[in-house]
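Quick notes on the structure that follows.
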Amino acid sequence: MKKDNVILRKFVAAVLVISAIAAVFPFIYMVLISLTQKDTLNFDFNFATMSLVNYERVINNFHLLTNLKNSIIVTTSACIINALFSSMAAYAFAKKDFPFRKQIFAVFIATLVIPGQVTMIPVFVIMRGLGLMNTYPALILPIVNAFGVFLVRQFMVSVPDDLLDAARIDGCGENRIFFTVVLPLVQPVLVSLTIFTFISSWNDFLWPLVIASKPAIKTLTLAIASLKGSYSTNYGLVMAGSTFTFIVPFLLYVFLQKQFVEGIALSGIKG
Amino acid sequence: MKKKKSDMIMGYSYILPSLILICIFAIIPIFMNIYYSFTQYNILTPPQWIGLDNYKRLFSDPYISSSLKNTIIFTLVTVPVQSIISLVIAAVLAAQFKNKLGEAIRSALFIPVIASAVLVGTIFSLFLEPSGLFNSALNALHIDSVNWLGNGKTAMFSVIMATIWKNVGYFLVIFYAGILDIPTSFYEAAEVDGASALQKFVHITVPSLSHVIYLVITLGTIWSFQVFDMVYTMTNGGPGMSTVTLVLTIYNSAFKGFSMGYAAAIALLMFALVLIVQRLEAKLFDKEEK
Numbered sequence: 001m002k003k004d005n006v007i008l009r010k011f012v013a014a015v016l017v018i019s020a021i022a023a024v025f026p027f028i029y030m031v032l033i034s035l036t037q038k039d040t041l042n043f044d045f046n047f048a049t050m051s052l053v054n055y056e057r058v059i060n061n062f063h064l065l066t067n068l069k070n071s072i073i074v075t076t077s078a079c080i081i082n083a084l085f086s087s088m089a090a091y092a093f094a095k096k097d098f099p100f101r102k103q104i105f106a107v108f109i110a111t112l113v114i115p116g117q118v119t120m121i122p123v124f125v126i127m128r129g130l131g132l133m134n135t136y137p138a139l140i141l142p143i144v145n146a147f148g149v150f151l152v153r154q155f156m157v158s159v160p161d162d163l164l165d166a167a168r169i170d171g172c173g174e175n176r177i178f179f180t181v182v183l184p185l186v187q188p189v190l191v192s193l194t195i196f197t198f199i200s201s202w203n204d205f206l207w208p209l210v211i212a213s214k215p216a217i218k219t220l221t222l223a224i225a226s227l228k229g230s231y232s233t234n235y236g237l238v239m240a241g242s243t244f245t246f247i248v249p250f251l252l253y254v255f256l257q258k259q260f261v262e263g264i265a266l267s268g269i270k271g
Numbered sequence: 272m273k274k275k276k277s278d279m280i281m282g283y284s285y286i287l288p289s290l291i292l293i294c295i296f297a298i299i300p301i302f303m304n305i306y307y308s309f310t311q312y313n314i315l316t317p318p319q320w321i322g323l324d325n326y327k328r329l330f331s332d333p334y335i336s337s338s339l340k341n342t343i344i345f346t347l348v349t350v351p352v353q354s355i356i357s358l359v360i361a362a363v364l365a366a367q368f369k370n371k372l373g374e375a376i377r378s379a380l381f382i383p384v385i386a387s388a389v390l391v392g393t394i395f396s397l398f399l400e401p402s403g404l405f406n407s408a409l410n411a412l413h414i415d416s417v418n419w420l421g422n423g424k425t426a427m428f429s430v431i432m433a434t435i436w437k438n439v440g441y442f443l444v445i446f447y448a449g450i451l452d453i454p455t456s457f458y459e460a461a462e463v464d465g466a467s468a469l470q471k472f473v474h475i476t477v478p479s480l481s482h483v484i485y486l487v488i489t490l491g492t493i494w495s496f497q498v499f500d501m502v503y504t505m506t507n508g509g510p511g512m513s514t515v516t517l518v519l520t521i522y523n524s525a526f527k528g529f530s531m532g533y534a535a536a537i538a539l540l541m542f543a544l545v546l547i548v549q550r551l552e553a554k555l556f557d558k559e560e561k
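Chains A and B, in that order, are what the protein sequence lines are.
Quick note: the first sequence uses this note's numbering, first residue 1, plus one each step.
Quick note: the second sequence uses this note's numbering, first residue 272, plus one each step.
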């Protein structure tokens, strides 16, 4: 009985390790292929002939550095705007009393069920009307949605009123209370929200595909799709580009693993 | 009285930025979308009212019937499979491997989650090439090569496989957190009664997780109905219409065919379906909990 358990446990551990390898292997293969000039896909790798030449080509010929810059600008702005606007609204909904507060909040929440694809056509028309096609604001602003407000509000509610009153008695202005007392208290949820915004913005595809047609404004995710579209048989090149898009998210994941997992898991609340 | 007024000003000014953006990007567009769905609109000339014509066209368009069928098949396979795999792995990890090994496995399985669907689709397309890794592996086992993405029968299977591979780590994290919230006293009592690991899983873990399972299924369904990136990257709907999905058809109608009105009608159809399925799932789980 005991022995069976030990064998079973080893077997289960083996299955788990295999599934972990299955999760990581495609990325390793991506990097390996990116270092070669292969035209067949197999396991024969000659490490002596590996080089960074595909990276050189993909960066020089396909403006990937411009795409990287665009992705960084769009993602960073989206993260800051989303965190700031969401926590401002969340604070007002949680701690301020004003007419129609409940109703407006209900409308915010109701917008959460609207899929982005349903608003995509009108938002495209609006952006076009405003002359914002192929601009950063068009890529950044639609990232903001009621989810952040909803998420941060849950944490704002638990900020003690006494603390805010104490700050008021000390002569703190309302804006200062928000920035120096409230925001530090809800910092953990802001980190989670920011990571969630980062991943959705960095990986966003359909909206950029619609609104950013000029090469100079394309994001990395968009660039990889077109690289794959036009050079699908040049495996090394496509994999070099793919690896390039993954460097920033992967490094962030390595350094902020716990926050990443929490941030992504929090988005589960959205359902 | 003074506090009330300052509360009011501050309240409104603090919600204003979000409110403006949500109005522009969610509330106004949903009404515009409803209006467009009754018009013919190619974006260059103003929309022309055509009544229910777009909706009538939905019923005779082979792209719509294929998109519906494919989206439903995609959902019916992806959601149960990814939910069960992630639940089982989470349960085993939480029961047996709360150690460094378990931690490493969880970290590894989460990596596909942070990659974009475009990236995952690109890598998998390479694997599934006629001369790709999957076929090399099959050939090694003396099985004939399969043209995974070029064959209508296997293309959808391939997209589903890549999607599940990407999603498991996400739902695993949610299930794992849910399992850690189950009081250990439940399991201790079961052990006293001599319950096996499988019995504990069936009689304690699964029932205690019913709200998490509901969340995972609902979220999985919403994502599946909206599948686009993976399909666009791997097959672009092909071969033929074998992998066209609702969102792909919305995109193609609106931005390739410039039938904005028709695309708006398809979008509303999708929205309605998502809402109906969500309702059904909520009903189903309410009953189970009672």
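The beta carbon of each residue, even a glycine, is placed where N, CA and C say it ideally should be.
Query: Can you say whether M1(A) is buried or exposed, counting buried as having 16 or more other CB atoms within 10 angstroms of its CB?; Result: The predicted model places M1(A) with a pLDDT of 45, which falls under 50 and marks its position as unreliable; any figure quoted below should be read in that light. Exposed: under 16 other Cβ atoms inside 10 Å.
Query: Could you give the residue range of the alpha helix (DSSP H) that holds L519(B)?; Result: 517–522
Query: Can you pull the chain A neighbours of K275(B), defined as C-beta to C-beta under 8 Å?; Result: D97
Query: Would you mind telling me which residues of chain A sit closer than 8 Å to T504(B), beta carbon to beta carbon, in chain order?; Result: A225, K228
Query: Answer with yes or no whether the minimum CB distance from L364(B) to chain A is below 9 Å.; Result: yes
Query: Let me know the secondary structure DSSP gives T492(B) once reduced to three states.; Result: helix
Query: Examine the Cβ distances between the region 100–120 of chain A and the region 244–264 of chain A and report whether three or more of them are shorter than 8 Å.; Result: no
Query: Given that M531(B) touches chain A, what residues does it touch there, using C-beta distances under 8 Å?; Result: I121, V125
Query: Between L220(A), L190(A), L52(A), L206(A), which has its C-alpha nearest C79(A)'s C-alpha?; Result: L190(A)
Query: Between which two residues does the alpha helix (DSSP H) containing E56(A) stretch?; Result: 53–61
Query: Residue range of the alpha helix (DSSP H) that I431(B) falls in?; Result: 423–451
Query: Output needed in chain order: residues of the region 161–178 of chain A with a Cβ under 9 Å from some Cβ in chain B.; Result: E174, N175, F178
Query: Straight-line CA distance for L193(A) to L84(A)?; Result: 11 Å
Query: Let's test the definition: count the other Cβ atoms within 10 Å of the Cβ of I376(B) and tell me whether it reaches 16, buried, or not, exposed.; Result: buried
Query: Reducing DSSP to helix, strand and coil, say where Q497(B) ends up.; Result: coil
Query: Please state the DSSP three-state secondary structure of V261(A).; Result: helix
Query: Along the region 361–387 of chain B, what residues have a CB closer than 9 Å to any CB found in chain A?; Result: V363, L364, Q367, F368, L372, G373, A375, I376, R377, S378, A379, L380, F381, I382, P383, V384, I385, A386, S387
Query: CB K397(B) to CB L32(A), shorter than 9 Å?; Result: According to the sequence displayed, residue 397(B) carries Leu and not Lys. For L397(B) and L32(A), no; Cβs fall outside 9 Å.
Query: Determine, using beta carbons only, whether Q103(A) comes closer than 9 Å to chain B.; Result: no
Query: With 16 other CB atoms within 10 Å as the buried threshold, where does T49(A) fall?; Result: exposed
Query: Going along chain A in order, which residues have a C-beta closer than 7 Å to the C-beta of E400(B)?; Result: L41
Query: So that I know if they touch, is there some Cβ in chain B lying closer than 9 Å to that of R57(A)?; Result: no
Query: Taking all protein chains shown into account, decide if L130(A) is buried (16 or more other Cβ within 10 angstroms of its Cβ) or exposed.; Result: exposed
Query: Could you tell me whether the Cβ of F345(B) comes closer than 9 Å to any Cβ of chain A?; Result: no
Query: Please give the ranges of any beta strand (DSSP E) in the region 279–308 of chain B, keeping only runs that are unbroken, at least 3 residues long and fully inside the region.; Result: none
Query: Taking 9 Å as the CB-CB cut-off, is A538(B) touching chain A?; Result: yes
Query: Does chain A have any CB closer than 9 Å to the CB of W419(B)?; Result: no
Query: Return no unless some Cβ of chain B is closer than 9 Å to the Cβ of V6(A).; Result: no
Query: So the alpha helix (DSSP H) V113(A) belongs to, where does it begin and stop?; Result: Neither: V113(A) is in no alpha helix (DSSP H) and is coded neither H nor E.
Query: Excluding the five sequence neighbours on either side, which residues of its own chain have a C-beta within less than 8 Å of the C-beta of A433(B), listed in chain order?; Result: V391, G392, F395, M501, M505
Query: Does chain A have any CB closer than 9 Å to the CB of F556(B)?; Result: no
Query: To the nearest angstrom, report how far apart S513(B) and G282(B) are at their CA atoms.; Result: 52 Å
Query: Between C294(B), I295(B), I293(B), D324(B), which lies nearest to Y307(B) when the distance is taken from Cα to Cα?; Result: D324(B)
Query: Could you tell me whether any Cβ in chain B is nearer than 9 Å to the Cβ of F11(A)?; Result: no
Query: Run through DSSP, which three-state label would T219(A) get?; Result: coil
Query: Using 8 Å for Cβ pairs, my map puts Q37(A) next to G236(A). What's the rounded Cβ distance?; Result: 6 Å
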